[in-house]
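S.K.: Input: one structure, supplied below.
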Amino acid sequence: MNERIAIVGGGHNGLVAAALLARSGRDVVLFEARPELGGLASTRELIPGHRVDAGSNDLGMFRRSVMEELELGAHGLELIEAPAVAAVPATAGSSAVVLWPEVGRTVEGLGGVSRRDAAAWPGFVFELAERAAALEPLLSRPLELGDMGRLLIAPEVLRALSSSLDESLRERFENPSLLAGLCGVALPATGLGPRANGTGWPLLFHCALGGSDRLAPVVRAQGGAGALASALAASAAASGAEIRTGASVSRILVDSGRVAGVRLTDGERIEAGAVISTATPSVTFLDLIGAPLLEPGFVRRLLNVKYRGAAARLALSLDGLPAFRGLERPALTGRIVLAEQPDDIERAADAAKYRRLPDRPWIEAALPTALDPSLAPAGRHLLLATVHHLPFDLEGGWDAGRPQLLARVADELERWAPGIGGLVREHALLLPTDFEADYGATAGGLHHGEMNPSQSLWLRPSASAWTGEPLPASGLWLGGAGCHPGGGLTGLPGTIAAVSLLRG
Amino acid sequence: MPRRAPQGTQAVQRALGLLRSFTPEAPEHRLSELAAAHGLHPSTTHRLLGVLEAEGLIGRSPDSQAYRWVPGAPGAGDAEPSSRQNGLRPLEPLRTPFHRRTSARCESGAWRDWSGYTCVETYEPTPEREYWAIRNAAGLIDVSPLFKYEFSGADAERLLGRLMTRDFSKSRTGRVMYTSWCNEEGHLLQDGNVQRLARERFLVSAAEPCLRWFEDCGWGMDVEVRDVSEEIGVLALQGPRARAVAEATTTGIDFGAMRYFDLAAGAVGSGAGAAPVTVTRTGYTGDLGYEFWVAVEHAEVLWDALVEAGQDHGLLPAGLLALDMVRVEAGLVLIDVDYVSASHAEIEVLKVTPAEAGLGFTVKLDKQADFVGRRALELEHERGPAWAMVGLEVDWFELERLWSEIDLRPQVVGQPASREPTPVFAPGGWQVGQCTSRFFSPLLKKYVGLATVHADAAAPGTELDVEVAVGYGRRRARARVVRRPFFNPPRKTAVDATPGVDE
Chain A
2 MNERIAIVGG GHNGLVAAAL LARSGRDVVL FEARPELGGL ASTRELIPGH
52 RVDAGSNDLG MFRRSVMEEL ELGAHGLELI EAPAVAAVPA TAGSSAVVLW
102 PEVGRTVEGL GGVSRRDAAA WPGFVFELAE RAAALEPLLS RPLELGDMGR
152 LLIAPEVLRA LSSSLDESLR ERFENPSLLA GLCGVALPAT GLGPRANGTG
202 WPLLFHCALG GSDRLAPVVR AQGGAGALAS ALAASAAASG AEIRTGASVS
252 RILVDSGRVA GVRLTDGERI EAGAVISTAT PSVTFLDLIG APLLEPGFVR
302 RLLNVKYRGA AARLALSLDG LPAFRGLERP ALTGRIVLAE QPDDIERAAD
352 AAKYRRLPDR PWIEAALPTA LDPSLAPAGR HLLLATVHHL PFDLEGGWDA
402 GRPQLLARVA DELERWAPGI GGLVREHALL LPTDFEADYG ATAGGLHHGE
452 MNPSQSLWLR PSASAWTGEP LPASGLWLGG AGCHPGGGLT GLPGTIAAVS
502 LLRG
Chain B
9 MPRRAPQGTQ AVQRALGLLR SFTPEAPEHR LSELAAAHGL HPSTTHRLLG
59 VLEAEGLIGR SPDSQAYRWV PGAPGAGDAE PSSRQNGLRP LEPLRTPFHR
109 RTSARCESGA WRDWSGYTCV ETYEPTPERE YWAIRNAAGL IDVSPLFKYE
159 FSGADAERLL GRLMTRDFSK SRTGRVMYTS WCNEEGHLLQ DGNVQRLARE
209 RFLVSAAEPC LRWFEDCGWG MDVEVRDVSE EIGVLALQGP RARAVAEATT
259 TGIDFGAMRY FDLAAGAVGS GAGAAPVTVT RTGYTGDLGY EFWVAVEHAE
309 VLWDALVEAG QDHGLLPAGL LALDMVRVEA GLVLIDVDYV SASHAEIEVL
359 KVTPAEAGLG FTVKLDKQAD FVGRRALELE HERGPAWAMV GLEVDWFELE
409 RLWSEIDLRP QVVGQPASRE PTPVFAPGGW QVGQCTSRFF SPLLKKYVGL
459 ATVHADAAAP GTELDVEVAV GYGRRRARAR VVRRPFFNPP RKTAVDATPG
509 VDE
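Here the protein sequences come in this chain order: A and B. Our numbering runs 1 ahead of the 1-based position in the first sequence. Our numbering runs 8 ahead of the 1-based position in the second sequence.
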């Protein structure tokens, strides 16, 4: 049998798998369709002279142990931890709130907004950390049978992950800005509004992988998220892995139930005894394996995977730092949540549900140049505005929707940071359809399958099975965000795929 | 200028106009509103509504302030026919495209639901004459409620190869193939006919909805599957005189050259009103016969032509009871009667493979295409099916013996086929299966039935006991396993037979 391992996709998960397997002495070749590596965590020059992160740029959930094992520091990765976790600016009718990694600092700030919330904060962080710690072991390795019992004997964890975020946050807090800020941390890239059941799960997930002793901090890579991909690629190459960019896989070849290799769009055929696919389950099975080779029941399950949670990314090159009301400069280094209350997010989700644009989109903004000025030419700042809870299949189509979306986002930004319109010099926009076309994110879903409890843990595909059933070809492994534990810049699906493959 | 009816008929016309205002969608109207809408004087309106009410054609609302629609009243406005909606049962009974014709002929009032459609069970109070028409002359059966799916595209043949147990690489344009289709475990989902209309166009007929299954199996292929059930009406013209009737009505088809399971396109009627039809030499009667597939807008033209030409040949419209009798004689299994589709079998043991349902001949394990259920059926082929579909025969003397215990002669003659499953036993012993369809065949003068039994009790000549109801009692009648079909006349498949000579 051919000993070579072919990896489909050069996103961070594919790269992690390649680096780990090469380090274990395996013969690895990785194929990335795009010219640059990193996938949804890549950095592109979308605006001339600017290093724009196309998708995720927060390394707060990335495994430190993997970084160390792969010696990413030696391969050029430099981390910057943001002083702030999240901030909600003030508006005419609402107050500003800043969440810091340090509990005391957050309490101090909240005191001026709500004495009750300030008093409740330490307990909340402690409890969240406790629940996250219970969950963490389940997320960082292949699930085992005993894990199910572990979860079942922790009813408070079960409740937290299955209930609605809005509801569980309101058990403790009253200030709308604080509630909105927490929802804004948890709900990016889901299609669910905070009132939906199961929205407790993303917050727990976030905290479990973000360092369970405190609220998930924002960590950025010097030079943009693409620096992580570069370091991973360098580490993999140093161990002997072959990394091929601009090489698009069109087929995973299966011969009598076993993978035989891959074929590229240019017709080249590469033999391999094992294939790790980091594409979404739909792309992997329906397109790369090919639906006609699958059992119809399996096809139906694939068609039923929810990919909700499309987003648009607007990058703005600004003449200076925008003035978000009520926020000092350190507060601008983390996530900036532009929603006055959880219902702003809920309404956006409602609109998306009916394939419409929200009247007032909620925005997750970031000012990466506030931490790393090298990302933009001198004197310029980069604002990344991610508009979440958008429909992929917008009624009337995105050609018509694009100017509407831009106008509404501009109005919102102006409302939160008066005068920002005057600072804008250039802009670039990635729509949900771009995320699918450029990165193979099925239906624009950034997590390769929505992170809700019905598609998580045992219910999400694992590296080698899906709800107990083996994958339809032996030698095939899944290593992308579509499998356990899920989306986000964690490196875990790739790690688990590599570990599972090595175990055999 | 509006055409004026002569005076005497004006009142009738006005009354009918008023009656048509009452529909299920607009069931209730006030007098003043109707008078205004129809341009009538209120007193005239009152008089006319009074007659309609006295005749039971409309009713009064509970507070008697308004007049109400009466369900089923002749002449009242029809419900907007609701769609079957991808196989879901409609809220209102549906009418086939032949309904106006079939209902005009239905003297018995015996209707039956078939996949949401209201169909004639027997036109006359008993099905006997309709049964004999099929066997001795010609019967005309409305089988429009069949589900019909059109497959078109470059991969249409490929999808059928994947779905079906038959080998569609061997299908030819102008031929019909009878096939089974299975789920992943090799369990039978349905059986049906597939017409090859062109190289890349097929029509699949099925007893039950299966659009989504077809779509799921065809995902990623260049093929469109369209539910055309409600666009096509189907009439089965069956019996020894079928060819004569077909030839008298249809142009463009050489019926003498048409082989069993051939299909051909022609036209019925003449001039602008001619109805294009597809004719298949198929049927569910085991007799000489054809099925006419017609666009619903031409349905009545087809019916009228066949009925008119059929007058010279003893043709009768036949209902579902007669059809059920002849199909048992023909040994043809019926889904959800003789086998349970794996798509809605509640428990595992109810599921069967095609071989176990007597359809083993439709499974082509030597075909190239990897079809759904293949691996399971290959395993079954190695070890042999566990069950078998057999014919059972009980002779008259055995029935006489049982009925004489209660001093009656056998009460079986003239009864329609029973679909009540009854147990089948090894003689004097354990249950070995069940008999799912049976009746006393007037033609064969025998009590015959279709039964599923353990494979080791399936050899022709094996004696088994079948439970029969004798009065209120249950007795075991000695039966013999025989080959199906019970009745198989040469005319069914004869190629150049002069119509009706081999009786």
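All C-beta atoms, glycine included, are put in the ideal place defined by N, C-alpha and C.
1. Below 9 Å between beta carbons is the criterion; list the residues of the segment 291-303 of chain A that meet it against any residue of chain B, in chain order.
2. Is the beta carbon of A/L385 closer than 8 Å to that of A/A366?
3. Using a Cβ-Cβ distance under 8 Å, would A/L287 count as near chain B?
4. In angstroms with no decimal places, state the Cα-to-Cα distance between A/I364 and B/S177.
5. For A/G487, which of helix, strand or coil comes out of DSSP?
6. Could you give the first and the last residue of the continuous beta strand (DSSP E) run that contains B/C127?
7. Does the segment 159-173 of chain B touch the segment 337-353 of chain B, meaning 3 or more C-beta pairs lie closer than 8 Å?
8. Counting only beta-carbon atoms, is B/W221 nearer than 8 Å to chain A?
9. Is B/G64 close to chain A? Criterion is C-beta to C-beta, closer than 8 Å.
10. Which term fits A/W202, buried or exposed, when burial requires 16 or more other beta carbons within 10 angstroms of its beta carbon?
11. Taking A/T370 as the reference, give the member of A/E347, A/G335, A/D400 with the closest Cα.
12. Run the CB neighbour count on B/T181, radius 10 Å, all protein chains shown included, and call it buried at 16 or more, exposed below.
13. Just tell me which of A/L317, A/W459, A/S283, A/R196 has its CA closest to the CA of A/P343.
14. Can you tell which of B/P431, B/K454, B/A43 has its C-alpha closest to the C-alpha of B/R483?
15. Quick check on the DSSP output: the beta strand (DSSP E) that includes B/F210 runs from which residue to which?
16. If you draw a straight line from the C-alpha of A/L339 to the C-alpha of A/V53, how long is it?
17. Kindly indicate which residue of B/A477, B/E401, B/F447 has the alpha-carbon position closest to the one of B/P468.
18. Spell out a yes or no on whether the segment 422-429 of chain B and the segment 232-244 of chain B are touching, meaning 3 or more CB-CB pairs, one atom from each, closer than 8 Å.
19. Taking the runs of the beta strand (DSSP E) that are 3 residues or longer, which of them lie wholly in the segment 334-361 of chain A?
20. Would A/S25 and A/A42 qualify as a contact pair, given that the criterion is a beta-carbon distance under 8 Å?
21. Report yes if the CB atom of B/M275 is closer than 8 Å to the CB atom of B/A282, and no otherwise.
22. Kindly indicate if chain A contains any beta-carbon less than 8 Å away from that of B/A87.
23. Tell me which residues share the same chain as B/A87 and place their Cβ nearer than 6 Å to its Cβ, disregarding the 5 neighbours each side in the sequence.
24. For a test of the three-state rule: what should DSSP assign to B/Q442, helix, strand or coil?
25. Could you check what DSSP says for B/A87 in three-state terms: helix, strand or coil?
26. Would you mind listing the beta strand (DSSP E) stretches within the segment 119-185 of chain B that are 3+ residues and don't spill past its ends, in chain order?
27. Would you check if the segment 253-260 of chain B and the segment 312-330 of chain B touch, i.e. whether three or more CB-CB distances between them fall below 8 Å?
28. Any beta carbon of chain A sitting closer than 8 Å to that of B/V315?
29. If you reduce the DSSP assignment to three classes, tell me which class A/I497 lands in.
30. I want to see whether chain A comes within less than 8 Å of B/C190, judged by CB atoms only; does it?
31. Going by beta-carbon coordinates alone, are A/G481 and A/S278 separated by less than 8 Å?
32. When the Cα of B/E475 is compared with those of B/P498, B/A434, B/N496, B/D504, which residue comes out closest?
33. For a contact meaning CB atoms closer than 7 Å, what does B/G228 contact in chain A?
34. Would the beta-carbon of A/R245 fall within 8 Å of that of A/V30?
35. In angstroms, rounded to a whole number, what distance separates the CA positions of A/A20 and A/M68?
36. Considering only DSSP beta bridges, list what B/R488 is partnered with.
M.R.: To lay it out plainly:
1. Per Cβ criterion, the list reads G291, A292, P293, L294, L295, E296, P297, G298, F299, V300, R301, L303.
2. In contact: A/A366 and A/L385 (Cβ atoms closer than 8 Å).
3. Taking 8 Å as the threshold, the shortest C-beta distance from A/L287 to chain B falls below it.
4. If I take the Cα positions, the gap works out to 56 Å.
5. In the three-state scheme derived from DSSP, where H, G and I count as helix and E and B as strand, A/G487 is classed as coil.
6. For B/C127, the enclosing beta strand (DSSP E) starts and ends at 125-130.
7. No: the two stretches stay apart, fewer than three of their Cβ pairs being nearer than 8 Å.
8. Yes, contact with chain A.
9. It does not; no Cβ of chain A falls within 8 Å.
10. Within a 10 Å sphere around the beta-carbon of A/W202 sit 16 or more other beta-carbons, which makes this residue buried.
11. Ranking A/E347, A/G335, A/D400 by CA distance to the CA of A/T370 puts A/G335 first.
12. That one is exposed.
13. Distance from the Cα of A/P343 is smallest, within the candidate group A/L317, A/W459, A/S283, A/R196, for A/R196.
14. Checking every option, the nearest Cα to that of B/R483 belongs to B/P431.
15. For B/F210, the enclosing beta strand (DSSP E) starts and ends at 209-214.
16. Rounded to whole angstroms, A/L339 to A/V53 spans 20 Å at the Cα level.
17. Considering only alpha carbons, the answer is B/E401.
18. No, they do not touch.
19. At a cut-off of 3 residues, the continuous stretches assigned as beta strand (DSSP E) that sit fully inside the segment 334-361 of chain A are 336-339.
20. Their beta carbons are not under 8 Å apart, which means A/S25 does not touch A/A42 by this criterion.
21. Note that residue 275 of chain B is Ala in the sequence shown here, rather than Met. Going by C-beta atoms, B/A275 is nearer than 8 Å to B/A282.
22. The pLDDT assigned to B/A87 is 49, lower than 50, so where the model puts this residue is not dependable; a value taken from the coordinates is nonetheless given after this. Nearest CB-CB separation between B/A87 and chain A: not below the 8 Å threshold.
23. Unreliable placement is indicated for B/A87, whose pLDDT of 49 sits below 50; no coordinate value is reported for it.
24. B/Q442: strand per DSSP, three-state reduction.
25. Any answer about B/A87 is weak, because its pLDDT of 49 lies below 50 and its placement is not dependable; what the coordinates show is given next. It is coil, neither helix nor strand.
26. Counting only runs of 3 or more, we get 125-130, 146-150, 155-160.
27. Yes, the segment 312-330 of chain B is in contact with the segment 253-260 of chain B.
28. With respect to chain A, the C-beta atom of B/V315 has no partner C-beta closer than 8 Å.
29. Helix, per DSSP.
30. Not a single CB atom of chain A sits nearer than 8 Å to the CB of B/C190.
31. The answer is yes: Cβ separation under 8 Å.
32. For B/E475, the nearest C-alpha among the options comes from B/A434.
33. Result: L287, G291, A292, P293.
34. Against a cut-off of 8 Å, the Cβ pair of A/V30 and A/R245 comes out as a contact.
35. Pairing A/A20 with A/M68, the inter-Cα distance amounts to about 11 Å.
36. Paired residue(s): B/E401, B/E471.
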